[in-house]
Amino acid sequence: MSLGYQAVPSFFSQDDPFAQPTVIGALPPRFGLLDDSPDRWSTFKQKISQLNANANDGAVYKVFYLGRHGQGFHNVAEARYGTKLWNEYWAALNGDGELVWGPDPLLTDVGEEQAKEAHAAWAAEIPSGALLPEKLYTSPMTRAMHTNDITFEGLYAGSRPTVTIVENCREHYGKHTCDKRQTRTRIHADFPQLIFEEGFAEEDELWTPVRETEAHIDERARKVLDRVFDQDPETFISITAHGGIVNGILRVIGRNDYALPTGGVLPVVIKAIPVT
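No gaps in the numbering here: position 140 of the sequence shown is 145 in this note's numbering, and each next residue is one more.
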């Protein structure tokens, strides 16, 4: 049995199909939750619980916090040269003699600060009852794993939930050297606290000199959702990743693309429906 997916609107300001990311910003107050009452998060949790309890069609509802990594050196380079020249020439190189963006660039100082701001945004909502993600996923790109670490470090009263590296959470790949990942051995050396999904390959077997199609991004995004809804009983899920795969998830659930700024968090409520 396969699953179909739908966005469930009216909880967050970003749910508005005419929402403007440049106006809303990377980290709006309450992550964009429309309810600003003192008990807003307990009310939100109760509404999600009611949706699951009352579902009569086999549906399951989950809340996803889709995070985009902080600024990386490739973002600086694209801003320097412009998107057209970046895509046509510079993105296929590893650097320009000053900046190094490939393969797998690091966060800039600005990017680290953006991740700290995401951490602060979570910390600010915990006193109001915000439920921290019960399950954490990350892209295998360094900029995403580093952002995830900074974002959630020290927020949990007990031990932090295990963070799983999932290949399909990676950015739109191919041609651009910034989207070629490190080896499994290198990733484990740099982030020993993270665990790999089953079957994670030693080498990057996906990256090629040919750019991935949007249709294939959407296919990967669907597989990410399938994994979560098939395997995870938890309701509140975090995925720290990239703009490309975030938009793939949005397209799969019937939403428009959303230009999430670096370091931003986009919450979405997703309904999964069995399709026979």
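Even glycine gets a Cβ: it sits at the ideal position worked out from N, Cα and C.
The structure presented is a predicted model; accordingly, all values stated were derived computationally and were not measured.
Legend entry - Cβ-based neighbour list, Arg-216, same chain, cut-off 6 Å, excluding 5 preceding and 5 following: Taking the first residue of the sequence shown as position 1, residue 216 is located at position 211. Excluding positions up to five away in sequence, the list reads Gly-179 and Lys-180.
Inset, instruction - Can you grab the Cα-Cα spacing for the pair Leu-271 / Asp-195, in whole Å? - result: Working through the sequence shown from its first residue, we reach residue 271 at position 266. Working through the sequence shown from its first residue, we reach residue 195 at position 190. Going by the C-alpha atoms only, they are around 27 Å apart.
Inset, instruction - Check whether the Cβ atoms of Met-146 and Glu-117 lie closer than 8 Å to each other. - result: Numbered from 1 along the sequence shown, position 141 holds the residue referred to as residue 146. Numbered from 1 along the sequence shown, position 112 holds the residue referred to as residue 117. No, they are not a contact pair.
Inset, instruction - May I have the straight-line CA-CA distance separating Thr-169 from Leu-141, to the nearest angstrom? - result: Here residue 169 refers to the residue found at position 164 when the sequence shown is read from its first residue. Here residue 141 refers to the residue found at position 136 when the sequence shown is read from its first residue. Answer to the nearest angstrom: the Cα atoms are 6 Å apart.
Legend entry - Extent of the continuous beta strand (DSSP E) run through Arg-73: Counting from 1 along the sequence shown, the entry for residue 73 is found at position 68. Unbroken beta strand (DSSP E) run through Arg-73: 65 to 73.
Legend entry - DSSP bridge partner residues for Ile-275 (one or two, in chain order): Your numbering for residue 275 matches position 270 in the sequence shown. According to DSSP, which records beta bridges pairwise, Ile-275 is partnered with Ala-12 and Lys-67.
Inset, instruction - Would you list the residues sitting across from Leu-112 in a DSSP beta bridge? - result: One-based indexing of the sequence shown puts residue 112 at position 107. Gly-77, per the DSSP bridge assignment.
Legend entry - Cβ neighbours of Lys-228 in the same chain (closer than 7 Å, five flanking residues each side left out): Along the sequence shown, read from residue 1 onward, the residue named residue 228 stands at position 223. Once the five neighbours on either side are set aside, the close Cβ partners of Lys-228 are Asn-173.
Legend entry - Where Tyr-86 falls: helix, strand or coil (DSSP): Counted from its first residue, the sequence shown places residue 86 at position 81. DSSP places Tyr-86 in helix when its eight states are reduced to three.
Legend entry - Buried/exposed call for Lys-89, threshold 16 Cβ in 10 Å: As a working mapping, residue 89 is identified with position 84 in the sequence shown. Lys-89 comes out exposed.
Legend entry - Endpoints, alpha helix (DSSP H) assigned at Ala-336: There is simply no residue 336 to check, as the chain begins at 6 and stops at 281 in what is shown.
Inset, instruction - Could you spell out where the beta strand (DSSP E) holding Phe-241 opens and where it closes? - result: For the purposes of this step, residue 241 is identified with residue 236 of the sequence shown, where counting begins at 1. Where Phe-241 is concerned, the enclosing beta strand (DSSP E) stretches over 241 to 246.
Legend entry - Alpha-carbon spacing of Leu-3 relative to Thr-245, whole angstroms: Summary: the structure shown does not reach residue 3, with the chain confined to residues 6 through 281, and so no result is reported for it.
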